[in-house]
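Novice: Take this note's numbering: the final residue in the sequence shown is number 224, and no numbers are missing along the way. Glycine is no exception: its CB is placed at the ideal position from the N, C-alpha and C atoms. Here the structure is a predicted model, which is why all the values come from computation and not from measurement. Dropping a structure here in structure tokens format, bear with me for questions.
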Amino acid sequence: MKDTNKNCCAADEAAPEEMQQVGALPWRIARNGEARILLVTSRSSGRWIVPKGWPMKGFAPRQTASREALEEGGVIGVLSKAPVTTYRYMKRLDNGAHVACRVAVFGLNVRGTLVDWREKAQRQRRWFSLAAAADKLDDRELSAFVRTLDAASECLEPSTSATGKKSALDEILMLSR
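Now the structure itself:
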């Protein structure tokens, strides 16, 4: 299924010298009502990142983001239709060169976590509070976005299954569903 949203990856915003990637921001609401974000380690440096990768021919950007979340973090869920944020970083290529990348990040409301997944042996995954995730992320723009989620989620009422209210992150990250 082809995504017809021309702005889905902020490609128009990317500078000509920037490479485009897509990523997922996996999140859930813990039993205690706290918002949590899943981060994975990069294969090369072991730093904490969100699952991301290069666009794949024949796949809409959000489909690629979902696939990256499955391959790198072993999670499945409901993805936002449009990116919730974008950020830039410098990617080190296999040949040692560095290239500027812009990542369009889709919110992923996690519905399931796999015990075994494709890159399990190459990465760690861990759930963090919003504040802790922001502290762990090296990417300043992405960290700042997660901090805004943390601040905004404190202003919204937590979800309650009895009332059927949406969670704070549902309100923030999934508005474009």
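#1: Look at V69 and A151 and say whether their C-beta atoms are less than 8 Å apart.
#2: Mind checking which residues open and close the beta strand (DSSP E) that includes Q67?
#3: Which value, in whole angstroms, describes the spacing of the CA atoms of N79 and D197?
#4: Under 8 Å between the Cβ atoms of A71 and E115?
#5: Is V157 helix, strand or coil when you go by DSSP?
#6: Cutting at 6 Å between CB atoms, please list the residues of its own chain near W174, excluding the five before and the five after it.
#7: State buried or exposed for K99, treating a residue as buried only when at least 16 other CB atoms are found within 10 Å of its CB.
#8: Grab me the residues of K183's own chain with a C-beta within less than 7 Å of its C-beta, minus the 5 sequence neighbours each way, in chain order.
#9: To which residues of the same chain is S113 closer than 6 Å at the C-beta, ignoring the five residues directly before and after it?
#10: Here's the rule I'm using: 16 or more other beta-carbon atoms within 10 Å means buried, otherwise exposed. How should T195 be labelled?
#11: Since I believe V162 is in contact with W74 (beta carbons under 8 Å), could you give me their beta-carbon distance rounded to a whole number of angstroms?
#12: In terms of DSSP beta bridges, what is S176 paired with?
#13: Check whether the Cβ atoms of R170 and R90 sit closer than 8 Å, and answer yes or no.
Specialist: The structure says:
#1: yes
#2: M66 to I76
#3: 16 Å
#4: yes
#5: strand
#6: R83 and L85
#7: buried
#8: L86, W95 and F175
#9: L126
#10: exposed
#11: Going by Cβ atoms, the distance from W74 to V162 rounds to 20 Å, so no, they are not a contact pair.
#12: R83
#13: yes
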